[in-house]
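Chains as they are written, first to last, in the numbering used here: chain A, 4 to 120; chain B, 14 to 124.
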């Protein structure tokens, strides 16, 4: 299957700093990517849809000014957590659906664990 | 609103078949049943999907009832590596559409 990578796999930062997480589709192009957040013992919560060349679409309750998304190319989307606070500590996961009719599923990255001190 | 209902947890002995149920009584005619699983601290992994016929691949089998209101994912010979949270999702078969995850079933494989 197609491969999606994330970088970094984990990050620890101080409160008030910003953290950038990258999501890359390694062997296919993705005009759309999705960002999820997952707290311990909970399910994945969709945060936003990243659209190549246009603004991201955020789910209700997600602060777009805090979670900046940039989808500058067909293989890269970035999520920047601005002015991070301890409550932003979570597991962030991206997914990318390959284009074309041969795929009906999405492929997920391995996740990035963010810890804000 | 949750479109699927799954038991929160299940146990299965290693080497036995694991049968994970899912209820989706409000499924629409053009919606498929998808299964993903998430091993601890990893991203979700696609397992299988189907519309109305039973499906089988190298990972699992999917049995969908004739009225399509429920389905069962079968892992034929469960191993310890199958310990994960299994998510049953109903959605149209367009890979570009967003996926909304429910709470899933936490499957424990017992040695």
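Backbone N, C-alpha and C define an ideal beta-carbon position, used for all residues, glycine too. All values derive from a computational prediction rather than experimental measurement.
Query, Result
"Terminal residues of the beta strand (DSSP E) in which residue 119 (chain B) lies", "118-123"
"Residue 22 (chain A), buried or exposed, once every other Cβ within 10 Å from all chains shown has been counted against 16", "buried"
"For residue 10 (chain A): DSSP bridge partner residues", "A:25"
"Candidates A:83, A:101, A:120, of which the one nearest residue 40 (chain A) by Cα", "A:83"
"Bridge-paired residues (DSSP) for residue 24 (chain B)", "B:121"
"Short-range partners of chain A found in the segment 103-121 of chain B, where Cβ spacing is below 7 Å", "106, 108, 109, 111, 112, 113, 114, 115, 116, 117"
"CB contact check: residue 39 (chain A) to chain B, cutoff 9 Å", "yes"
"Residues near residue 61 (chain B) in its chain [Cβ-Cβ closer than 6 Å; skip 5 each side]", "48, 68, 70, 73, 75"
"Spatial neighbours of residue 151 (chain A) in its chain, beta-carbon cut-off 6 Å, leaving aside the 5 residues before and after", "Since the displayed chain A opens at 4 and closes at 120, residue 151 (chain A) lies outside it and no answer follows."
"Endpoints, beta strand (DSSP E) assigned at residue 73 (chain A)", "70-76"
"Beta carbon of residue 56 (chain B) nearer than 9 Å to that of residue 111 (chain A)", "yes"
"C-beta neighbour in chain A for residue 62 (chain B), strict 9 Å", "yes"
"Coarse secondary structure for residue 89 (chain A), derived from DSSP in three states", "helix"
"Interface flag, residue 27 (chain A) vs chain B, CB-CB below 9 Å", "no"
"Test: residue 57 (chain B) CB closer than 9 Å to a CB of chain A", "yes"
"Residue 95 (chain A) versus A:108, A:76, A:70, residue with shortest Cα-Cα distance", "A:70"
"Distance between residue 114 (chain A) and residue 53 (chain B) (C-alpha atoms, nearest Å)", "11 Å"
"Where residue 54 (chain B) meets chain A, residues with beta-carbon distance less than 9 Å", "94, 113, 114, 116"
"Within 9 Å, strictly: CB atoms of residue 109 (chain A) and residue 98 (chain A)", "yes"
"First and last residue of the uninterrupted beta strand (DSSP E) at residue 63 (chain B)", "58-63"
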